[in-house]
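In what follows, a single structure is set out as structure tokens and then discussed.
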Amino acid sequence: MKIKIVSIIFLLFISAMLPAQERLRIDSLKNLLNTDNIANRIIIHTEIGDAYRMNYPDTSLANYKAALKYAESLGDNLQTATALKNIGGVYYIISDFPKSMEYSYKALKIFEQLQDKEGISRCYNNLGLIYTAQGSYAKAIDAHMKSLKLAEETFDKKLISTSYNNLGLLYNEQNNYDKAEDYFDIAYSICKELNDKPGLAKLLNNLGTLHIGRREFDSAEFYLKQSFTIADEIGDKLVSSKCLINIGLIHNEYHDYAVSKEYYLKAFDIMKDIDDKTGISTVYINLGTLSLEQKNYKEAIEYLEKGLRISKDIGALNNLNRVYENLSTVYMGMGDYRKAFEYYKLFKETGDSLFNENVSAQIKQIESRYTTDKQQMEIDNLNKEKEINDRELAVKEKEVIRQRNIIYIFLIVFVIVATLSLLLYRENRIKKKTNAILTKRNFEIHQQNEKMLIADKVIRESNELLMRSKERLESSEKELRELNAAKDKFFSIIAHDLRGPFQGFLGFSDILAKEAGTMSRAEIIETSVLLNDSLKKQFTLLNDLLDWTRLESGNYKLERKAVNLHDEVQKVFENLEILASQKEIALRNKIDLSTRVDVDLNMVKLLFRNLLSNSIKFTNRGGYVNVKCAKANDYIVVTIEDNGVGIAPENINKLFVLDKHYTTAGTESEAGTGLGLVLCREIVEKHGCNIRVESTVSEGSKFIFTLPEAI
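Under my numbering, residue 742 is the last one in the sequence shown; the count climbs by one each step, no gaps.
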């Protein structure tokens, strides 16, 4: 499953050898520069620039600028625009976005004067990439949609594929994985048709990134291996380095921190070689995140501040958002709440710039405009086809007249054959009626026999019904005793479910009590707003408990509907986030984003709150609680696992039984009623499902239950 370090070193060694073959061609081109023909010099400098573009951007830039100088001296507008576009592309590779935008717009202006649709389309493609890197998603989508429209008008399949790939990458940045995958699939099919290896390498890497976002790591690793192989074959260092970063991310998710760091450092060496500032800042941020997860806060701050400086220099808003979030988490872990709060505000501000309602509305408007333009283009094509069809129809009408005479002859023959067939049909119909009468009589005899068998069956079932009635009476007596026990424990259950959440917002009030003297008025107001929000969430929890009382009284009717399990678990995480952070416990939502279940939402949220609170309670400081799921037939099997103190085998059978009243104190003396798990069992069983426990003392516990899958 995992790519071995040795194989990566070998591939990088082969990559270093491949340019030697390309260098022979470049050397021969350089020899041709001695020509006095300036037009030929433009072509040669452009080809040399293309050859060095991905791996040696500085050399590529020098040759493109030489081509620009000669094109301007000749007054060749087309070659001038092409050189400007190429220069803008190289500045994008080295993350100099202002210069990249300057040259791309200059090229666009000339291509528009020349009415060169291909050149215009490629300039918009460059601008879309720049806007994406800067986090201006609405402008980026507008540019890529314009590029795609022009590419479709000129039937430039390679450029169409590039546009779809970039649109997919843009939606992937916004975590809209379904739409991103649709665009990647279209681009992939075109690249396969054209055997476009550079395009395939980029697409496969992007698909790997998409599956990492979905936490489908096996699929991600499959695509990244293919991407790395192709990038290595064609000597594309930029894509190779991105693959190494993404493989490092996967190892980070597996907690293979040493291996993950080796991949990041290999990617860093390549990106430094090609002066990819965006990639360098990304590596620093990833290294900082890795150190943060290992609680090496000093090293994390060092890496993150390096990434911060580069991200600010190049204006990479997305990377800035990641840096601020991680620095907030680092200082929170170090207990420096003031700095943590300052970086959290910066994280929220950059996040609002990247993803807000205005941007979403602009994106929808751009998509709608593109769809309308495309439909109009299709209508125009249909009108042209209609004119052609009308001309062809006039030619065909003469042929129709000739064929009509032939049809008349066939009709006469048909009438004769039809008459004979009708006579045969009438004869067969008489035979069928006779057979039907005989069949009906046989059926009536068969029905009489069945009625006699049914009467005998009714007598047997009546006897069985009497026996079942007796068994139900005995069962009802047992249920009445259990319901009486549930009534006695009701108020204890409410206390159990209300006590835990109050610890969370007590933490907010503790910050106000201790830090108010040193906090500004704005910070006090913002912290008070967070405290108010937390209290509102607890009011919602109280309503959930009241719903449970109706469930126990028999008056509550489950209101089942299809819900996204990942999203609802994430909301429960938000309610428990403060409680978990007080014990430095990591809450991890590993449920697939597309998982949907058919449940009563209030009851299932109550179920997750109880189980997750229980896991936090019995997990030592610095531990973790994971939530994951798998599909089994028509059910979703959910597992909540922790690395806490575990449960002794002799106590497992006491957990879900009301009259056993089993309870123990948490790892930090947290109290409980011992009835939360009884409530969980009842909620699961109300949905027609089951719950069980697997646990090992000192290693942790797994609470495993099923929920109906939404169809």
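Virtual Cβ for every residue (Gly too), placed ideally from N, Cα, C.
**OP:** Please classify V290: does DSSP put it in a helix, a strand, or coil?
**Re:** In the structure shown, V290 falls within a helical segment according to DSSP collapsed to helix, strand and coil.
Subject >> Under the three-state DSSP convention, the category E133 falls into >> reply: Three-state DSSP puts E133 in a helix.
Original post:
For E508, is the classification buried or exposed, using 16 other Cβ atoms within 10 angstroms of its Cβ as the cut-off for buried?
Top reply: E508 should be labelled exposed.
**OP:** Determine the extent of the beta strand (DSSP E) in which C660 is found, giving its start and end residues.
**Re:** Per DSSP, the unbroken beta strand (DSSP E) holding C660 starts and ends at 655-663.
Original post:
Do the CB positions of C222 and L234 come within less than 8 Å of each other?
Top reply: Yes; because the gap between Cβ atoms is below 8 Å, this pair is in contact.
Subject >> Pairwise C-alpha distance: E725 and Y214 >> reply: In a straight line, the C-alpha of Y214 is about 43 Å away from that of E725.
Subject >> Cβ shell of E505 (< 7 Å), same chain only, five flanking positions each side left out >> reply: Here the set comprises nothing.
**OP:** Pick helix, strand or coil for K733, following the three-state DSSP scheme.
**Re:** Correct three-state label for K733: strand.
**OP:** Rounded to whole angstroms, what's the CA-CA distance from T320 to N94? Just pull it up for me.
**Re:** Rounded to whole angstroms, T320 to N94 spans 39 Å at the Cα level.
Original post:
Grouping DSSP H, G and I as helix and E and B as strand, with all else coil, what is A232?
Top reply: Correct three-state label for A232: helix.
Original post:
What are the residues that DSSP puts in a beta bridge with K746?
Top reply: Because the chain is modelled from 32 through 742, residue 746 falls outside the range shown and cannot be assessed.
Original post:
Under the criterion of a Cβ to heavy atom distance below 7 Å, does V724 qualify as lining the ligand COA?
Top reply: For the ligand COA, the structure offers nothing, since it holds no ligand at all.
Subject >> Neighbourhood of E324 by C-beta distance below 6 Å, restricted to the same chain and skipping five residues each side >> reply: Closer than 6 Å at Cβ, skipping near neighbours: no residue.
Original post:
Taking the C-alpha atoms as reference points, what is the distance between F687 and K662?
Top reply: Spanning the two alpha carbons is a distance of roughly 24 Å.
**OP:** Taking 8 Å as the cut-off, decide whether the C-beta atoms of T77 and Y83 are in contact.
**Re:** Contact flag unset, no.
Original post:
If you draw a straight line from the alpha carbon of I345 to that of L200, how long is it in whole angstroms?
Top reply: If I take the Cα positions, the gap works out to 20 Å.
Subject >> Which of helix, strand or coil DSSP assigns to N317 >> reply: Residue state, collapsed to three classes: helix.
**OP:** Pull up the distance between the alpha-carbon of G266 and that of M85, whole angstroms please.
**Re:** The alpha-carbon separation between G266 and M85 amounts to approximately 9 Å.
Original post:
Under a Cβ-count criterion, where at least 16 other Cβ atoms within 10 Å of its own Cβ denotes burial, should H477 be classed as buried or exposed?
Top reply: With fewer than 16 other Cβ atoms within 10 Å, it is exposed.
Original post:
Considering only residues of the same chain and omitting the five flanking positions on each side of Y294, which have a CB-CB separation below 6 Å?
Top reply: Within the same chain, Cβ atoms closer than 6 Å to the Cβ of Y294 are found at L275, I278, G279, the five residues on either side in sequence being excluded.
Original post:
With DSSP run on the structure shown, which of helix, strand or coil describes L738?
Top reply: DSSP places L738 in strand when its eight states are reduced to three.
Original post:
From which residue to which residue does the beta strand (DSSP E) around E672 run?
Top reply: Counted as a single uninterrupted DSSP element, the beta strand (DSSP E) harbouring E672 occupies residues 666-673.
Subject >> Cut-off 8 Å between Cβ atoms - residues of its own chain near N156, not counting five sequence neighbours on either side >> reply: Cβ neighbours of N156 within its own chain (closer than 8 Å, five residues either side excluded): A174, H175, S178, L190, T193, S194, N197.
Original post:
So, using beta-carbon positions, are I118 and P88 closer together than 8 Å?
Top reply: No; because the gap between Cβ atoms is not below 8 Å, this pair is not in contact.
**OP:** Using a threshold of 8 Å, state whether the C-beta atoms of L589 and D631 are closer than that.
**Re:** Cβ distance < 8 Å, so L589 and D631 count as in contact.
Original post:
DSSP on R723, reduced to helix/strand/coil?
Top reply: If DSSP states are grouped into helix, strand and coil, R723 belongs with the strands.
Subject >> Buried versus exposed, by CB contacts within 10 Å (16 or more), S551 >> reply: Flag for S551 reads exposed.
**OP:** Tell me, please, which residues DSSP counts as bridged to R619.
**Re:** According to DSSP, R619 shares a beta bridge with N657.
Original post:
For A164, which residues from the same chain have a beta carbon less than 7 Å from its beta carbon, with the 5 sequence-adjacent residues on both sides left out?
Top reply: Taking C-beta separations shorter than 7 Å and ignoring five residues to either side along the sequence, the partners of A164 in its chain run F128, T309, A347, following chain order.
**OP:** Assign F445 to buried or exposed, taking buried as 16 or more other Cβ atoms, counted over all protein chains shown, within 10 Å of its Cβ.
**Re:** By the neighbour-count definition (other C-beta atoms within 10 Å, threshold 16), F445 is an exposed residue.
Original post:
Beta carbon of F372, beta carbon of E356: below 8 Å?
Top reply: Between F372 and E356, the C-beta gap is not smaller than 8 Å, which leaves the two residues out of contact.
Subject >> Outcome for A211 when other beta-carbon atoms lying within 10 angstroms are tallied against a minimum of 16 >> reply: Its Cβ being crowded by 16 or more others within 10 Å, A211 is buried.
Subject >> Local conformation of A371 per DSSP, three classes >> reply: Three-state DSSP puts A371 in a helix.
Subject >> Local Cβ density within 10 Å of L181, reported as buried at 16 or more and exposed below that >> reply: Counting Cβ neighbours within 10 Å, L181 comes out buried, since at least 16 surround it.
Original post:
Looking only at its own chain, which residues have a Cβ that is under 6 Å from the Cβ of L618, when we skip the five neighbours before and after it?
Top reply: The answer, listed in chain order, is F604, A611, V656.
**OP:** Drop a sphere of 10 angstroms on the beta-carbon of G230, count the other beta-carbons inside from all chains shown, and report buried for 16 or more, exposed for fewer.
**Re:** That one is buried.
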